[in-house]
Each structure stands twice: as structure tokens, then as C-alpha cells.
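Down below is the structure, laid out as C-alpha cells.
Chains as they are written, first to last, in my numbering: chain A, 1 to 320; chain B, 1 to 320.
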């Protein structure tokens with residue numbers, strides 16, 4: 001079975017760990033969000049790709065959900081001693097090495113997809129990890145700061161400001177000119193199942209779909225497309241998805257997110273049992289829906305979510 | 001009193017610490033060797049400049065003589081886990097921050113001299129530290145490896161091979177096209193004394209003098225030029241200066257090094273007491289010479305060497 005997953009960072013990575021357990025024999029291709037990539041200290045940092053790579057490769061800090069386990073921050077402390085920031089972005093010493101290797105390879109002319117493959121040679125995540133694009137895309141968020149409207153990098157909004165001010169707009173700068181990375185459209189076209197993990201529908205899955213060709217490929221794929229709601233009981237499972245949903249005019253509910261993707265894209269949708277009341281509304285929108293526990297409390301609970309998603313895909317296929 | 005010192009790495013840095021003690025009121029300008037600079041992991045590393053900066057700024061590892069005190073090597077270990085080397089060059093985590101800041105500033109368009117000044121804003125070395133040039137110069141060493149003659153980077157010769165094979169030639173690649181960094185010629189021209197510390201006469205002081213304009217400025221300066229022998233009793237005080245002296249056809253002795261610089265450049269020369277027999281030979285070459293203890297065993301011993309060098313300069317001046 002060939003499964004394609006459009007993944008953001010922490011939520012996507014944890015879901016993938018469950019999926020690997022649920023479908024050990026499957027050939028999984030992950031199309032990773034690169035809209036939250038950022039240049040820091042002259043280095044190219046790809047937070048979502050790395051979170052997937054470290055999580056599946058056994059190198060993640062389980063507590064934080066991002067960065068390396070057993071991490072130290074001496075390089076960052078020294079940079080701060082030079083007065084060089086930003087201090088609000090947590091780059092650890094072990095993590096720095098990844099960015100150094102990546103930046104060096106990019107400078108040598110390798111595309112990000114080749115660099116990601118090279119990094120995965122070490123981590124062996126057990127999935128094929130593709131960046132959504134080899135081109136530069138940076139998600140910017142329009143906010144009002146000190147009475148002035150300005151666009152800031154997504155990481156600044158998310159990490160520095162902790163989404164504490166309203167987002168007026170979320171723009172994946174560069175997406176319109178971006179091309180899907182080699183293999184992305186082919187993997188989507190050849191998939192038996194396409195999954196949207198409970199990742200952020202705006203800044204993670206939404207950004208991937210903003211790369212011209214990807215949304216169309218998913219919509220036209222022969223395979224069933226099944227998503228898992230990142231909103232449980234009107235609040236994000238983790239992160240601050242509600243903050244950016246407001247920016248695109250979508251209410252923070254499991255049903256609204258399904259409608260936002262729409263029946264043109266989604267064939268099936270899982271909501272949490274607390275949102276069982278939303279099933280009828282989602283099905284009314286033409287999307288097959290089921291209510292099951294959606295808290296990724298451990299790998300087994302997450303694997304069970306993945307199993308249900310695959311079953312729902314099977315149902316969609318059988319129903320066609 | 002304005003003192004200009006042409007300095008290499010460890011020997012130069014330790015001498016400077018003594019000089020600062022010996023001439024606390026002096027305005028010291030250090031023209032640092034950049035021929036041993038190397039690009040590693042996409043970062044610009046300037047070993048000699050950093051050794052001077054860390055030593056005078058209180059950040060050096062006293063035991064090793066290079067790199068930061070209380071250092072760790074986690075970034076390097078991670079790079080090795082990615083299969084990315086070289087492993088033979090010891091870049092510590094705290095040291096990495098310096099190279100990251102430097103590389104980022106260079107990429108932003110600042111010349112190395114401005115970058116060095118910015119780094120020194122933190123370290124406050126108590127001297128004005130100028131790179132010999134803002135242009136790229138890399139010292140290469142011609143060696144025979146596996147029966148094949150090839151040119152390798154000085155650091156590879158020095159650090160990886162530990163100078164274990166004969167050096168057939170030492171070439172400061174790029175020196176001919178290099179210009180002295182801003183302030184270098186002005187400092188030399190305005191100096192009251194010019195000192196050559198017991199640094200390597202070929203790959204440290206020699207490389208600085210190879211930048212067109214610097215040798216001429218030193219030779220024509222009104223100030224006395226006094227050097228301290230890096231060779232004591234036919235062996236280098238530290239390092240492996242004898243290996244590269246052979247490459248330029250100079251015997252490894254205090255007198256031969258003085259003759260190598262020559263009376264056109266040097267006005268005074270200090271040899272160690274064990275080389276007292278060389279004084280007559282040096283003076284016969286037209287260079288005022290004295291034999292005094294030249295082991296930089298501690299700051300006070302080094303300060304005493306600096307005091308004698310300044311006295312000899314005073315003698316030269318008075319004798320003129």
C-alpha cells in the first residue's frame with residue numbers, strides 16, 4: 001500500500017509514528033511543509049522537515065516535541081554573548097549541525113530535496129521525506145504591532161509572539177512561483193491513500209496545498225483522501241491553530257475545518273468523539289465522517305487513529 | 001608609544017599578553033596573519049586572529065593554546081554522525097559561534113577587518129586587531145603524498161599531517177593580488193616600534209610580509225624593527241617552524257632566521273641565552289642582537305622579553 005501524507009511539524013510527525021505502527025508494510029511518502037523554513041545566523045533551518053526526521057529517526061526531544069534529545073545550547077549562548085540573535089528561536093548545539101550540513105549542501109548547489117534525502121540517510125525515518133518544494137516559500141503573517149500593520153515571518157509570529165496578537169492574513173510568500181519538489185506529484189498520483197494528519201490546516205497542510213499543482217493533484221488523485229481534525233472540542237489539539245484559522249475566516253471547529261478543505265479535496269474526515277455532533281454537518285458537506293478518539297496520547301492511541309483513517313479510506317474506495 | 005606587532009597564532013598571542021604587561025600605556029596595533037584561514041562546513045575560520053582575540057580577551061583554552069576555554073564538541077560530533085568532516089580540525093561549540101557570526105557578517109558584505117572589529121567589541125583584547133588583508137589568501141604547502149606531489153592547505157599540513165612529511169614549498173595563494181587591510185599601512189607608518197614576536201617566520205610573519213606593500217612599509221618605516229627568535233637552540237620554541245623553514249631553504253637556527261628577514265627589514269634581534277654564540281653572526285649581518293631568556297613560560301617572563309625588545313628598539317633609535 002502506498003500512502004502519501006501531507007505533514008507539518010509536531011502533530012504530523014507524531015501521527016506518522018502511529019501510522020508506521022498501524023501500516024508497517026506500507027510505503028509512506030511524506031510531503032513536508034517548508035513554509036516555516038527560516039534563515040537564522042546565515043543557516044537554513046527547516047523546522048517541520050527536521051521534526052519529522054528527528055521524530056521518526058529516534059532523535060527527537062520527546063518532551064518538547066521539537067529539536068534533539070539530550071540537547072545543549074552553548075552555540076546559542078555564545079551568539080547571544082556577541083549580541084547576535086534572535087534569542088527567541090531555540091537552536092540547540094546538536095541541531096545546529098543539521099543546519100550547517102544543510103546550508104553547506106545548498107550552497108554547493110544541491111536542491112533541498114536532495115539535501116533532505118542526504119540528511120535522512122543518517123536518520124532513516126522509515127518514510128520517504130520530500131519537501132513540498134525545492135523553491136523558497138516563507139509563510140508571513142500580517143499583524144498589527146505598535147499600531148502599525150506589518151508582515152512578519154511565521155516563526156516570529158508563532159515562536160516569539162506566541163500568536164498573542166490577531167493574524168489578519170497568512171501569506172505563503174513565494175508559493176505562487178514554487179514548483180512541487182521532484183517526486184511529489186508522482187507520489188500523489190500513485191498513492192493508494194492520501195492522509196491529512198491533524199496538522200495545522202492553514203500554515204502546514206494549507207501551505208503545502210498552496211504550491212501550484214499539489215492541490216490539483218490531490219483533488220484529482222484516484223486515491224481516497226482522508227483527514228484527521230486538528231481541532232477537538234473547538235480548540236486545537238496542540239499549538240494555536242485557532243489563531244490562524246481566524247485569519248482565513250474559518251471558525252475553530254472540527255466541522256468548519258472539514259468544510260474549509262471541502263468535498264473537492266476530502267473524501268473522509270475523522271473528528272473526536274467529543275465532536276460527534278459535527279458528523280452530520282460534515283457528511284452534509286459530502287465528506288464521509290466518523291467520530292473516534294483523536295488524542296495522540298501515545299503511539300498506540302495514535303496508531304489506532306491511523307487504522308481508523310485507513311479503514312475510512314477503504315470504505316470510501318468500496319463505496320465508489 | 002605606538003607599537004605595531006605582526007602576529008601569527010599561539011606564539012604571537014602569548015607574546016602580546018606579555019607586551020601588554022610590559023607596555024601598559026602603549027597603543028598596540030596587531031597585524032594578524034590570515035593565511036591560515038580556512039573554510040570549514042561552509043564557515044570562515046580565522047585561527048590566528050581568533051587565537052589573538054581569545055588570548056588577549058580572556059577566552060582562550062590556556063592548556064591547548066587555541067580555542068575556547070571550557071569547550072565542548074557536540075556540533076562536531078553531530079557533523080561526524082552525518083559523515084561530514086574534516087574530523088581532524090578541532091572546532092568546539094563555543095568557537096563555532098564566532099565562525100557563524102563572522103560568516104554571516106561576511107555574507108552580508110562586511111569586510112573581514114570590520115568583522116574582526118565587531119568580534120573584538122565583545123572580547124576587548126586591549127589591542128587594535130587588524131587582519132593583514134581583507135582579501136582571501138590561503139597558505140598552501142607542496143608535499144609528496146602517496147608518491148604524488150600535491151599542494152594542500154596549510155591547516156591540513158599542520159593539523160592533519162602534523163608536518164610529518166617534508167614541505168617542498170610554502171605558497172601564500174592569493175597574496176600577490178591582496179591589498180593590506182584598511183589601517184595596516186597607516187599603523188606601520190605611524191609606529192614608534194615594530195615588533196616581530198616569536199611567531200613562525202615563514203607561515204605567520206612571512207605570510208603577512210607577502211601581502212604587497214607590507215614588507216615595503218616595514219622596511220621603510222622610521223620606527224625600529226625588532227624581532228624575537230622563534231628558534232631556541234636549533235629547535236622551534238613551539239610548533240614545527242623547522243619543517244617550513246626547510247621549505248624556504250633556511251636552516252633552523254636563531255641566526256639563520258634573522259638573516260632570512262635580513263638587515264633591510266630588521267634592526268634588532270633577540271636570541272635566547274643558549275644561542276648567545278649566534279649574536280656575533282647576527283650583528284655581522286648588520287642587525288643589533290642580544291641574547292636573553294626567550295622561553296614564554298609565564299606572563300612575567302614574556303613581559304620581560306617584551307621589555308628587552310623595547311629597550312633594544314630604543315637603543316636602535318638612539319644609535320641612529
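Think of the CB as a built atom: it goes at the ideal place given N, C-alpha and C, for glycine as much as any other residue. Keep in mind that this is a model prediction, so the values were computed, not measured.
Would you say residue i faces chain B, with C-beta separation under 8 Å as the test?
{"i": "residue 155 of chain A", "result": "no"}
{"i": "residue 136 of chain A", "result": "no"}
{"i": "residue 89 of chain A", "result": "no"}
{"i": "residue 84 of chain A", "result": "yes"}
{"i": "residue 332 of chain A", "result": "Since the first and last residues shown for chain A are 1 and 320, residue 332 of chain A lies out of range."}
{"i": "residue 107 of chain A", "result": "yes"}
Taking the alpha-carbon positions, what's the residue i to residue j distance?
{"i": "residue 34 of chain B", "j": "residue 48 of chain B", "result": "7 Å"}
{"i": "residue 221 of chain A", "j": "residue 317 of chain A", "result": "12 Å"}
{"i": "residue 246 of chain B", "j": "residue 263 of chain B", "result": "21 Å"}
{"i": "residue 75 of chain B", "j": "residue 192 of chain A", "result": "41 Å"}
{"i": "residue 299 of chain A", "j": "residue 31 of chain A", "result": "21 Å"}
{"i": "residue 237 of chain B", "j": "residue 308 of chain B", "result": "18 Å"}
{"i": "residue 93 of chain B", "j": "residue 123 of chain B", "result": "17 Å"}
{"i": "residue 115 of chain B", "j": "residue 313 of chain A", "result": "58 Å"}
{"i": "residue 151 of chain A", "j": "residue 38 of chain B", "result": "38 Å"}
{"i": "residue 3 of chain B", "j": "residue 295 of chain B", "result": "22 Å"}
{"i": "residue 186 of chain B", "j": "residue 128 of chain A", "result": "59 Å"}
{"i": "residue 164 of chain B", "j": "residue 52 of chain B", "result": "26 Å"}
{"i": "residue 100 of chain A", "j": "residue 41 of chain B", "result": "7 Å"}
{"i": "residue 120 of chain A", "j": "residue 54 of chain A", "result": "9 Å"}
{"i": "residue 253 of chain B", "j": "residue 306 of chain B", "result": "21 Å"}
{"i": "residue 56 of chain B", "j": "residue 50 of chain B", "result": "10 Å"}
{"i": "residue 235 of chain B", "j": "residue 273 of chain B", "result": "14 Å"}
{"i": "residue 20 of chain A", "j": "residue 156 of chain A", "result": "32 Å"}
{"i": "residue 85 of chain B", "j": "residue 79 of chain B", "result": "7 Å"}
{"i": "residue 59 of chain A", "j": "residue 36 of chain A", "result": "20 Å"}
{"i": "residue 166 of chain A", "j": "residue 68 of chain B", "result": "44 Å"}
{"i": "residue 66 of chain A", "j": "residue 110 of chain B", "result": "34 Å"}
{"i": "residue 28 of chain A", "j": "residue 226 of chain A", "result": "15 Å"}
Three-state secondary structure (DSSP) at residue i?
{"i": "residue 123 of chain A", "result": "helix"}
{"i": "residue 264 of chain B", "result": "coil"}
{"i": "residue 20 of chain B", "result": "helix"}
{"i": "residue 39 of chain B", "result": "strand"}
{"i": "residue 44 of chain B", "result": "strand"}
{"i": "residue 32 of chain A", "result": "strand"}
{"i": "residue 258 of chain B", "result": "helix"}
{"i": "residue 303 of chain A", "result": "helix"}
{"i": "residue 214 of chain B", "result": "helix"}
{"i": "residue 280 of chain A", "result": "helix"}
{"i": "residue 128 of chain A", "result": "strand"}
{"i": "residue 94 of chain A", "result": "helix"}
{"i": "residue 235 of chain B", "result": "strand"}
{"i": "residue 323 of chain A", "result": "Only positions 1 to 320 of chain A appear in this structure, which leaves residue 323 of chain A out of reach."}
{"i": "residue 291 of chain A", "result": "strand"}
{"i": "residue 68 of chain A", "result": "strand"}
{"i": "residue 161 of chain B", "result": "coil"}
{"i": "residue 54 of chain A", "result": "helix"}
{"i": "residue 154 of chain A", "result": "helix"}
DSSP beta-bridge partners for residue i?
{"i": "residue 227 of chain B", "result": "B/196 and B/269"}
{"i": "residue 144 of chain A", "result": "A/149"}
{"i": "residue 3 of chain B", "result": "B/28 and B/193"}
{"i": "residue 103 of chain A", "result": "Paired residues: none, contrary to the question."}
{"i": "residue 138 of chain A", "result": "A/173"}
{"i": "residue 133 of chain A", "result": "A/180"}
Can you confirm whether residue i, when its beta carbon is compared against all beta carbons of chain A, has any partner nearer than 8 Å?
{"i": "residue 103 of chain B", "result": "yes"}
{"i": "residue 100 of chain B", "result": "yes"}
{"i": "residue 93 of chain B", "result": "yes"}
| request: Below 8 Å between beta carbons is the criterion; list the residues of the stretch 8-21 of chain B that meet it against any residue of chain A, in chain order. | output: Among the residues of the stretch 8-21 of chain B, none has a Cβ less than 8 Å away from any Cβ of chain A.
| said: Under 7 Å, CB to CB, which of the residues in the stretch 51-81 of chain A have a partner in chain B? | reply: So the close ones are 72, 74, 75, 78, 79 and 81.
| Listed in chain order, which residues of the stretch 32-47 of chain B have Cβ atoms closer than 9 Å to some Cβ of chain A? | Here the close residues are 41, 42 and 43.
| Quick one, which residues of the stretch 122-135 of chain A are near chain B if we go by CB-CB under 8 Å, in chain order? | Residues 122.
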